[in-house]
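Residue numbers (UniProt numbering): 1 to 438.
Data block below; observations after.
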Amino acid sequence: MEEKMERKLAIVGLGYVGLPLALTYALDGFQVSGVDIDPRRIESIKSSSLGMREDFDSVPVNDVLRTCLANGSLNVTSRFDELPKDVATFIITVGIPIDHAWTLDMSMLTNACAELGKLLKKGDLVICRSTVPVGTTRGLVLSTLERASGLVAGTDFDLAYSSERIAEGHAYDEFRNMPLVVGGINGRSLDRATQVLGAVNREPVFKASSIELVEAAKMFENAQRDVNIAIADQLARFANHFDIPTWELIEACNTHSRVKILMPGIGVGGHCIPYASPYLFGSLSSQNECNDLLPTFASARQANAAQPDYIAERMSRRMGGLDGKHVLFVGIAMKDYSDDVTVSPAVDLARALAKAGAEVHVLDSVAEAPREFGREIDIDAGCLWADAVVLPIRQGNVDYERVKKLVVAAAGRVTLCDFRGVFEHDADVLQQLWYVRL
Numbered sequence: 001m002e003e004k005m006e007r008k009l010a011i012v013g014l015g016y017v018g019l020p021l022a023l024t025y026a027l028d029g030f031q032v033s034g035v036d037i038d039p040r041r042i043e044s045i046k047s048s049s050l051g052m053r054e055d056f057d058s059v060p061v062n063d064v065l066r067t068c069l070a071n072g073s074l075n076v077t078s079r080f081d082e083l084p085k086d087v088a089t090f091i092i093t094v095g096i097p098i099d100h101a102w103t104l105d106m107s108m109l110t111n112a113c114a115e116l117g118k119l120l121k122k123g124d125l126v127i128c129r130s131t132v133p134v135g136t137t138r139g140l141v142l143s144t145l146e147r148a149s150g151l152v153a154g155t156d157f158d159l160a161y162s163s164e165r166i167a168e169g170h171a172y173d174e175f176r177n178m179p180l181v182v183g184g185i186n187g188r189s190l191d192r193a194t195q196v197l198g199a200v201n202r203e204p205v206f207k208a209s210s211i212e213l214v215e216a217a218k219m220f221e222n223a224q225r226d227v228n229i230a231i232a233d234q235l236a237r238f239a240n241h242f243d244i245p246t247w248e249l250i251e252a253c254n255t256h257s258r259v260k261i262l263m264p265g266i267g268v269g270g271h272c273i274p275y276a277s278p279y280l281f282g283s284l285s286s287q288n289e290c291n292d293l294l295p296t297f298a299s300a301r302q303a304n305a306a307q308p309d310y311i312a313e314r315m316s317r318r319m320g321g322l323d324g325k326h327v328l329f330v331g332i333a334m335k336d337y338s339d340d341v342t343v344s345p346a347v348d349l350a351r352a353l354a355k356a357g358a359e360v361h362v363l364d365s366v367a368e369a370p371r372e373f374g375r376e377i378d379i380d381a382g383c384l385w386a387d388a389v390v391l392p393i394r395q396g397n398v399d400y401e402r403v404k405k406l407v408v409a410a411a412g413r414v415t416l417c418d419f420r421g422v423f424e425h426d427a428d429v430l431q432q433l434w435y436v437r438l
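Here you go:
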């Protein structure tokens, strides 16, 4: 008979994954406690003043947060020792940063497990939902928890792993409706974790034969998309070489029922897909193993990382050099309709242009541009000033018809670099402008 589940738990890490997960449980009637060691993050949560672009059945995240804090279904703290003593279920959602050398920094996860271990009691359940290299849960997480608690995993407490699978802006929907893959260090851990995670998820649970399988599945889910994007971007390079319209070529290919080529872009951004290969490579012991086992993924990552530089070179050739040229970016986020500039290829492209001598300004009312790109500028002044207008992403709150009107008025002077195909089928733009596309 299934053990009755207590509707009380704690979330360790309240970032882009942890906070929406905490609110998802709180809205489902759980008593949720959250801990994050960043006091500024806790203050933003307590004041319901987050910049996070999430909503919960069309209700903005700050409104949901305000309600859950007020009714007591969610409590947050920056101190582990302030978590309720009677909580028996802990979900870890701590991120693993990657430095400029693409090396994984495991210290945040290690420290979180060390602090959590001090609180563990016999009978507790720990579920790790952080994206980690294969072997991390059974290795680093388990050993750190055991060392800090003096307890034995699988005997005194249970341990399971289930990677998050959410996309920014869709967290609430996907925590409830994205199928789960779960692994445990033993059958009891697997069953308990399935019950806790399934309490807010409507889809069937895939019970994996091992934790390591679930860790690997998460990495290959992301790495596969990295490869697919590299295929699209390299198709675009090939099409440009033969002066074939890229987007029409892809549309033609995709009329085949078993073909689904993505549309190209300026690169790959965000917390997940660019990091997939470093997580995969971090699971292996040497570069030789990476080359032998994962050559396709390594090549795709290199190709996608080089995409901004390739585009900068194309723009330079089209514009007769970049030194002294004025370039306006309309959008700077890491992907369409985002407020996040984490590993943003738009930022990488802007920096490549600036390095080549261009003066770059950014217009993005949603995402905050790095300060290096000068003062804020409005679209009217920007188009009057610019030698090139770059559309690296599609962004909310942009009046693209206004952009079109301004750049068409400047035809013969302004190059429009439309890397998301906003005006791909617009005859006025195609006939009147110097138009650069992928």
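Idealized CB from N, CA, C, for every residue including glycine.
Since I believe residue j is in contact with residue i (beta carbons under 8 Å), could you give me their beta-carbon distance rounded to a whole number of angstroms?
i, j, result
"V200", "Y16", "That belief does not hold up - the Cβ atoms of V200 and Y16 are roughly 17 Å apart, past 8 Å."
"V182", "L159", "Rounded, the Cβ-Cβ distance is 12 Å, inconsistent with contact."
"V366", "V389", "With 8 Å as the limit, V366 and V389 do not qualify as a contact, their Cβ atoms being about 18 Å apart."
"L27", "V87", "Not quite, the Cβ-Cβ distance comes to about 18 Å (not below 8 Å), so this is no contact."
"A333", "V341", "6 Å"
"S48", "L69", "7 Å"
Which of the three DSSP states is assigned to residue i in this structure?
i, result
"N75", "strand"
"K207", "strand"
"W247", "helix"
"F423", "coil"
"T156", "The residue asked about is misnamed: residue 156 is Asp in this sequence, not Thr. It is coil, neither helix nor strand."
"H326", "strand"
"D226", "helix"
"W102", "coil"
"residue 441", "In this structure the chain extends from 1 to 438, so residue 441 is not present and cannot be described."
"M1", "For M1, the predicted model reports a pLDDT of 42, less than 50, meaning its position is unreliable; a value from the coordinates is still stated below. Note: M1 maps to coil in three-state DSSP."
"P60", "strand"
"V366", "coil"
"I37", "coil"
"G123", "coil"
"T255", "coil"
"Y16", "coil"
"F337", "The sequence given here has Tyr at residue 337, not Phe. DSSP places Y337 in coil when its eight states are reduced to three."
"A388", "strand"
"C272", "coil"
"Y435", "strand"
"T136", "coil"
"L416", "strand"
"K8", "strand"
"E115", "helix"
So, for residue i: in the same chain, excluding its five sequence neighbours on each side, which residues have a beta-carbon less than 8 Å away from its beta-carbon?
i, result
"A232", "I250, I261, L262, M263, P264, G265"
"G324", "G357, A358, E359"
"L322", "A312, M315, S316, L353, A356, G357, A358"
"V407", "C383, V389, V414, L416, V429, L433"
On the criterion of 16 or more Cβ atoms from any shown chain inside 10 Å, does residue i qualify as buried, or is it exposed?
i, result
"T131", "buried"
"R79", "exposed"
"K122", "exposed"
"G412", "exposed"
"N186", "exposed"
"D81", "exposed"
"D348", "buried"
"R192", "buried"
"H361", "buried"
"F90", "buried"
"residue 441", "As displayed, the chain neither begins before 1 nor continues past 438, which places residue 441 out of reach and without an answer."
"S283", "buried"
"K335", "buried"
"K355", "exposed"
"P308", "buried"
"G117", "buried"
"M1", "Residue confidence for M1 is low, a pLDDT of 42 falling below 50, so the modelled location carries little weight; the figure read from the coordinates is stated next. Burial call: exposed."
"P84", "exposed"
Sorted by chain position, which residues of the same chain lie with C-beta nearer than 7 Å to residue i's C-beta, five sequence neighbours on each side aside?
i, result
"L14", "A22, G34, D36, R41, I45, V76"
"L190", "A160, V182, G183, G184, K207"
"E54", "P20, V61, G169, A171, Y172"
"V134", "E212, E215, A216, S283"
"S277", "A223, D226, F297, A298, R301"
"A112", "V12, G13, I92, V94"
Excluding five sequence neighbours on each side, which residues of the same chain lie with their C-beta closer than 6 Å to the C-beta of residue i?
i, result
"R165", "M178"
"C128", "I92, T137, V141, Y161"
"F423", "V429"
"R147", "none"
"W247", "G421, E424"
"F281", "C290"
"N228", "L262"
Quick one: is the Cβ of residue i within less than 7 Å of any heavy atom of the ligand SAH?
i, result
"P39", "With respect to small molecules bound, the structure shown includes none, and the ligand SAH cannot be examined in it."
Would you call the region 396–409 in contact with the region 268–278, where contact means no fewer than 3 C-beta pairs closer than 8 Å?
These segments do not touch.
Per the contact definition of three or more C-beta pairs closer than 8 Å, is the region 328–345 in contact with the region 363–379?
yes
Quick one: any contact between the region 56–73 and the region 90–109, if contact means 3 or more CB pairs under 8 Å?
no
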